[in-house]
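**Q** The structure is given below, and queries will be raised subsequently.
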């Protein structure tokens, strides 16, 4: 059975389907963040709290190896909890998730200032060109339906996404996991450069949820701003069939491929 990770006792071994865009032997960011999210979601369900913010710091590239997870409760309040999940390759920390959970059951006010337009359903979207779908081994396992813009051209775009294989062998992908794995593609969906001339990485990503996601399909609507000294910022909104449920921010670092070649 095709899966991104296979359990090995307390560890999770990355399969060839976890390969990312810059090297097929290195983990896709979506795989890294989703595996940590799986642990956050387990702890959230145990506590009965809702996931409201996920901040991922991606310390270093990770190969297709077996990874462990360590968790720590940083704040254990009655209304808010903060959980830290560390992704480990042996004793080396690959990435970290800091999750904010808040108590459920409160009443929300009406919001007359949000007038979100209805988005086209994934069934009405168009698939990307075949060469774009081959962006990474991981991405080949993701269904994509574009409703605005294009993956192969710079500029803002909107695309429905669904991971079609289990993140962990034998498990069903939850809506939260689908949302997090889609969010990692924000910079690719809203990219503003020619990928043949530039590389762009996001060493971190933050998601802010104002309601839980529902269903398999996640719509990501993304745009990127370029600043000074190689810096940029990707901003995206996440929606399901009912409408928006989260906002995403990614701090970006741009580098010309020619400059990389000279440095090496």
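Residue numbers (our numbering): 977 to 1240. Every residue gets a Cβ at the ideal spot worked out from N, C-alpha and C, and that includes glycine.
Residue 1021 by DSSP, collapsed to three states: which one?
**A** Helix at residue 1021.
**Q** So with Cβ pairs under 9 Å, would you call residue 1161 a contact of chain C?
**A** Although the question refers to chain C, the structure presented lacks it and comprises just one protein chain.
**Q** Considering only residues of the same chain and omitting the five flanking positions on each side of residue 994, which have a CB-CB separation below 8 Å?
**A** Counting only Cβ-Cβ distances below 8 Å, and skipping sequence neighbours, we find 980, 981, 1003, 1004, 1007, 1040, 1113, 1114.
**Q** Considering only C-alpha positions, which residue in the set 1073, 1067, 1017, 1052 is nearest to residue 1032?
**A** Answer by Cα proximity: 1073.
**Q** Flag this pair as touching only if the segment 1021-1036 and the segment 1095-1112 have three or more C-beta atom pairs under 8 Å; answer yes or no.
**A** No: the two stretches stay apart, fewer than three of their Cβ pairs being nearer than 8 Å.
**Q** As a quick exercise: from 1118, 1195, 1163, 1013, pick the residue whose alpha carbon is nearest that of residue 1226.
**A** Looking at the Cα atoms, 1163 is the closest of the given residues.
**Q** Helix, strand or coil for residue 1109, going by three-state DSSP, please let me know.
**A** Reduced to three states, the DSSP call for residue 1109 is helix.
**Q** At 3 residues or longer, and completely inside the segment 1052-1134: list those beta strand (DSSP E) runs for me, N to C.
**A** List check, beta strand (DSSP E) in window: 1056-1065, 1068-1078, 1118-1124.
**Q** Since residue 1017 contacts residue 1027 with CB under 8 Å, what's their CB separation in whole angstroms?
**A** Confirmed, about 7 Å.
**Q** If distances are taken between C-alpha atoms only, which option among 1079, 1029, 1234 comes closest to residue 1053?
**A** Nearest C-alpha to residue 1053: 1079.
**Q** What does residue 1152 pair with, by DSSP beta-bridge criteria?
**A** Answer is none; residue 1152 lacks a bridge partner.
**Q** Out of curiosity, what's the CA-to-CA distance linking residue 1071 and residue 1063?
**A** Their Cα atoms are separated by approximately 5 Å.
**Q** What are the boundary residues of the beta strand (DSSP E) that residue 999 is part of?
**A** Looking at the DSSP string, residue 999 is not in any beta strand (DSSP E), and its letter there is neither H nor E.
**Q** Hey, which unbroken runs of the beta strand (DSSP E) at 3 residues or more fall wholly within the segment 1185-1225?
**A** If we require 3 residues or more, the beta strand (DSSP E) runs fully inside the segment 1185-1225 come out as 1194-1202, 1207-1216.
**Q** Excluding the five sequence neighbours on either side, which residues of its own chain have a C-beta within less than 6 Å of the C-beta of residue 1187, listed in chain order?
**A** Once the five neighbours on either side are set aside, the close Cβ partners of residue 1187 are 1221.
**Q** With contact counted as at least three CB pairs below 8 Å, one residue from each stretch, are the segment 1129-1143 and the segment 1188-1199 in contact?
**A** Yes, they touch.
**Q** Determine which residues share a DSSP beta bridge with residue 1174 and list them.
**A** Its beta-bridge partners are 1232.
**Q** Where does residue 1165 sit, in a helix, a strand or coil, going by DSSP?
**A** Helix.
**Q** Grouping DSSP H, G and I as helix and E and B as strand, with all else coil, what is residue 1141?
**A** Note: residue 1141 maps to coil in three-state DSSP.
**Q** Buried or exposed: residue 1111, going by 16 or more other Cβ atoms within 10 Å of its Cβ?
**A** Buried is the call here.
**Q** When you compare the CB positions of residue 1010 and residue 1156, do they come within less than 9 Å of one another, or not?
**A** Yes, these two residues count as a Cβ contact at 9 Å.
**Q** Would you kindly work out how many angstroms separate the C-alpha atoms of residue 1231 and residue 1153, rounded to a whole number?
**A** One C-alpha to the other measures close to 30 Å.
**Q** Can residue 1217 and residue 1191 be called in contact, C-beta distance under 9 Å?
**A** The answer is yes: Cβ separation under 9 Å.
**Q** For residue 1014, which three-state DSSP category applies?
**A** In this structure, residue 1014 counts as helix in the three-state DSSP scheme.
**Q** What does residue 1047 pair with, by DSSP beta-bridge criteria?
**A** 1061.
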